[in-house]
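Written below as structure tokens is the structure these notes are about.
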Amino acid sequence: MNFDDGLSGWLEANQRALLAEIAEVGVQLRRVAGPPEQTAQAAGVAPPAEFAAPLCEDIDPTCATGCTSSALDIACARLGLSSFERKIVILCAALELEPGFAALCALAQGDRARDYPTFALALAAFEDAHWSALAPSSPLRRWNLVEMHPGSSLTLAPLRINEAFLHELAGVCELDPRIDGCVSPLDAPASLVSSHAEVARQIAQVLAFDVSRALPAAALLTGNDRAGQQQVAAHAFAQLGFVTFEFDASVLAGTAEELEARARGWEREARLRNAALFVDAHGVVEPLARESLGRFLERFATPVAIGARHPLHFGRRPVHVFDVVRPLRVEQRELWSVALGAALTTSTLSDSSPSAMPRNPPEPALRVLLDRVTAQFDFDAVSIEKAAQRAQAEPGATPRERIWSAARAGGRNELATLAQRLERRTEWSELVLSDDQLNTLRDIAAHARHRCTVHDEWGVGIHDERGLGLAALFHGPSGTGKTMAAEVLGTAMELDVFRVDLSQLVSKYIGETEKNLCRVFDAAQASGAILLFDECDAIFGRRGEVEHGQDRYANLEVSYLLQRMEAYRGISILTTNMRKAIDPAFMRRLRFVVSFPFPDYAQRMLIWAQLFGPGVPVDGVDFTQLARLNVAGGSIRNIVTYAAFLAADAAQAVSMHHLRQAALAECAKLERTPSEVEIGGWA
């Protein structure tokens with residue numbers, strides 16, 4: 012018997028069981044109303060014998076659903092309903108499922124206008140009646156199983172079964188409206204990496220002792236693996252026999268009454284479905300939001316796990332803290348290997364054809380590629396699986412390029428909303444610098460390529476990870492190639508370069524700047540991208556010069572920025588026009604310092620020559636004369652662009668006349684007047 016057949020059989024048996032109980036309640040109501048014949052004739056209902064439908068005897072009790080109890084049996088057991096409360100539920104359900112039940116209620120209460128169930132009717136009709144069923148703390152009212160018409164007396168108020176609960180009794184899963192849209196099912200993963208599986212085992216072991224407590228402890232999962240926290244929580248709850256739902260904590264803003272309603276709605280569903288809750292609290296940063304979440308967690312006693320970046324406090328509910336970080340590098344390599352094994356098809360990793368990816372790639376080639384990927388990108392298991400799928404669908408290029416491109420794209424995530432990605436691909440040949448500066452830049456690239464070997468395999472710096480980041484300072488006048496150098500590194504390393512606008516991150520409110528910087532580095536951690544903090548002069552100051560209260564906090568912001576750069580396992584670059592503005596004590600935290608001097612005559616001539624591509628029409632352009640103009644490379648680029656537009660507008664080739672006019676405009680912008688030595692003879 013397959014699952015669908017078993018489910019269909021259980022639904023049929025469940026329906027017959029519910030109708031049989033409705034029939035029994037109908038019999039008890041007719042005893043209150045009067046003789047059966049008179050009741051049947053007056054109310055237009057069937058004789059009692061036709062209500063009593065036995066359970067389906069030919070249904071296999073071991074059907075594929077694994078459940079032999081009716082939905083009502085399960086609900087009564089898990090919600091703690093007494094026999095009397097169970098009959099009230101059946102009475103209210105009968106009003107919706109049996110057309111003649113309204114008239115029967117009216118006849119039993121001696122008033123045709125009262126064709127609805129009431130507590131008074133239930134107290135009179137059922138022998139096991141008890142007054143506590145009417146209390147607000149009773150299961151009927153606490154879990155909102157039956158709804159009372161407002162404005163009426165307690166015993167005479169019309170009762171109506173909650174719609175979602177009615178569907179539940181019929182075997183159709185419908186969430187309580189108070190939490191519908193706030194929770195969603197979270198499937199437990201089939202397997203976890205070893206480090207995560209061990210954390211899941213510990214969580215299940217600890218929570219198993221707390222299940223019976225009035226307010227059991229919650230599991231607080233901290234760390235940088237947001238998706239991994241979901242998987243670990245679902246896996247741990249599955250070990251305890253619970254299904255898992257994920258809760259959207261952003262909807263918790265509201266009054267105490269709304270929080271109470273959501274908490275009760277969740278607890279009802281959790282008991283009905285034997286479910287546990289995972290709350291993603293990564294976006295809960297404001298104090299009021301954390302307070303609301305704490306109050307919410309205090310109002311139900313079902314198992315719960317919370318995922319957050321850092322440890323949080325949640326009111327009275329105790330927590331057990333577990334650290335869930337991204338899989339270890341060796342585990343990430345295995346995840347990549349498994350994910351790519353399903354995607355690779357017919358060629359080899361070194362194949363230059365754009366055909367499908369290899370089914371059995373050469374082991375050494377795959378190992379080298381995965382070593383490089385895992386050294387550069389710090390992905391969770393979900394991101395690795397998505398990147399592998401993207402690599403399979405990537406058009407053209409070689410399999411190796413597809414995998415690397417998919418990894419780069421998968422790492423952009425939130426970083427693309429916090430910083431600007433520089434699209435330009437700049438080569439080493441375009442960078443005009445002295446050999447010393449070029450050698451230092453190549454050293455940066457070499458450190459980035461071999462950091463896995465040095466740090467992970469050789470263990471250099473393994474006891475102190477604060478200095479493992481590739482933090483660099485590029486200093487020099489504006490337009491001397493600092494941003495271009497970052498682009499060159501991005502091209503050489505096949506990495507994205509993101510320019511971070513510090514003016515958008517710095518806040519006048521204490522602590523906000525650090526939060527903004529934290530978001531940038533957390534988002535960049537997986538991508539391995541090059542972070543370029545351009546024009547950072549505004550936030551630097553000498554540590555000893557504290558003239559105002561804000562200066563002290565500004566130094567704290569700089570210190571925090573450099574600390575994160577030290578810990579970031581990618582390349583992070585600060586650029587400044589004023590090296591002297593940086594406190595010398597901060598310099599030790601920078602691994603590389605590259606000076607970008609003002610270009611000399613020979614360098615300027617080379618820059619001029621490079622900017623005139625082969626497609627630019629020229630007429631009498633003399634680079635020896637152009638190089639006499641004492642401006643930086645950025646200004647030279649502006650002059651060439653300006654002159655090209657002047658020539659295009661005149662339908663002419665670019666000449667020294669156009670360049671002179673463009674140079675005068677650029678110098679005016681720089682508030683300087685070029686000498687006759689610089690531009691004499693240009694036109």
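One rule links them: number in the working numbering = place in the sequence shown (from 1) + 11. For glycine and all other residues, C-beta sits at the position ideal for the given N, C-alpha and C.
Close Cβ partners of residue i (< 6 Å) along its chain, the five nearest in sequence each way excluded
i: Tyr571; result: Glu525
i: Ser518; result: Thr524
i: Asp221; result: Pro227, Ala228
i: Ala57; result: Here the model assigns Ala57 a pLDDT of 43, short of 50, so the residue's position is not dependable, and the following value carries that caveat. Around Ala57: no qualifying Cβ.
i: Gln240; result: Leu232, Gly318, Val335
Cβ-based burial, residue i [other Cβ within 10 Å; buried from 16]
i: Thr684; result: exposed
i: Thr586; result: buried
i: His207; result: buried
i: Pro291; result: According to the sequence shown, residue 291 is Asp rather than Pro. Buried, by the Cβ-count rule.
i: Tyr127; result: buried
i: Asp391; result: buried
i: Cys184; result: exposed
i: Ala386; result: buried
i: Asp236; result: buried
i: Asn450; result: exposed
i: Gln663; result: exposed
i: Ile521; result: exposed
i: Tyr612; result: exposed
i: Glu434; result: exposed
i: Lys98; result: buried
i: Glu568; result: buried
C-alpha gap between residue i and residue j, whole angstroms
i: Ala459; j: Val443; result: 22 Å
i: Ala408; j: Phe253; result: 46 Å
i: Gln636; j: Ala540; result: 41 Å
i: Phe325; j: Leu231; result: 10 Å
i: Ala245; j: Glu209; result: 13 Å
i: Ser195; j: Arg599; result: 49 Å
i: Asp187; j: Ser514; result: 46 Å
i: Leu716; j: Arg411; result: The chain is shown only over 12 to 694; residue 716 falls outside these bounds and no answer can be derived.
i: Leu543; j: Ser583; result: 6 Å
i: Arg282; j: Gly162; result: 30 Å
i: Ala31; j: Glu158; result: 24 Å
i: Gln672; j: Pro625; result: 22 Å
i: Glu438; j: Pro595; result: 33 Å
i: Ala211; j: Cys547; result: 43 Å
i: Phe248; j: Ser205; result: 17 Å
i: Ile414; j: Val384; result: 9 Å
i: Phe388; j: Ala417; result: 11 Å
i: Leu263; j: Arg273; result: 9 Å
i: Glu425; j: Val393; result: 15 Å
i: Ala497; j: Ala430; result: 15 Å
Cβ shell of residue i (< 7 Å), same chain only, five flanking positions each side left out
i: Glu107; result: Ile172, Leu177
i: Asp198; result: Ala245
i: His293; result: Arg237, Gly318, Ala319, Arg320
i: Ile690; result: Leu640, Arg671, Ala674
As assigned by DSSP and simplified to three states, the class of residue i
i: Pro365; result: Note on Pro365: pLDDT 39, under 50, position unreliable in the model; the coordinate value appears next. Here Pro365 sits in coil by DSSP.
i: Ile593; result: coil
i: Phe307; result: helix
i: Phe289; result: strand
i: Gly692; result: coil
i: Arg123; result: coil
i: Phe532; result: helix
i: Ile647; result: helix
i: Thr684; result: coil
i: Arg432; result: strand
i: His669; result: helix
i: Asp334; result: strand
i: Phe603; result: strand
i: Phe634; result: helix
i: Ser583; result: strand
i: Leu657; result: helix
i: Gly7; result: In this structure the chain extends from 12 to 694, so residue 7 is not present and cannot be described.
i: Gly37; result: helix
i: Phe112; result: helix
Residue i: CB within 7 Å of a non-hydrogen atom of the ligand NAD
i: Asp236; result: Summarising the ligand content, the structure contains no ligands, and the ligand NAD is consequently not present.
Neighbourhood of residue i by C-beta distance below 8 Å, restricted to the same chain and skipping five residues each side
i: Gly560; result: At Gly560, the pLDDT of 48 sits below 50, so the modelled position is not reliable and the matter cannot be decided from this model.
>> At 3 residues or longer, what runs of the beta strand (DSSP E) sit wholly inside the segment 434-519?
In response: Whole beta strand (DSSP E) segments, 3+ residues: 481-486, 508-511.
> Which full runs of the alpha helix (DSSP H) of 4+ residues lie inside the segment 131-198, going along the chain?
Replying inline: Listed in chain order, they are 150-153, 174-180.
>> What ranges does the alpha helix (DSSP H) occupy inside the segment 75-108, keeping only unbroken runs of at least 4 residues that lie completely in it?
In response: Taken in chain order, the whole alpha helix (DSSP H) runs of length 4 or more contained in the segment 75-108 are 82-90, 94-108.
> What are the uninterrupted segments assigned as alpha helix (DSSP H) that are 4 or more residues long and contained completely in the segment 196-266, given in chain order?
Replying inline: Every alpha helix (DSSP H) of 4 residues or more that sits fully in the segment 196-266 is shown, in chain order, as 205-221, 237-250.
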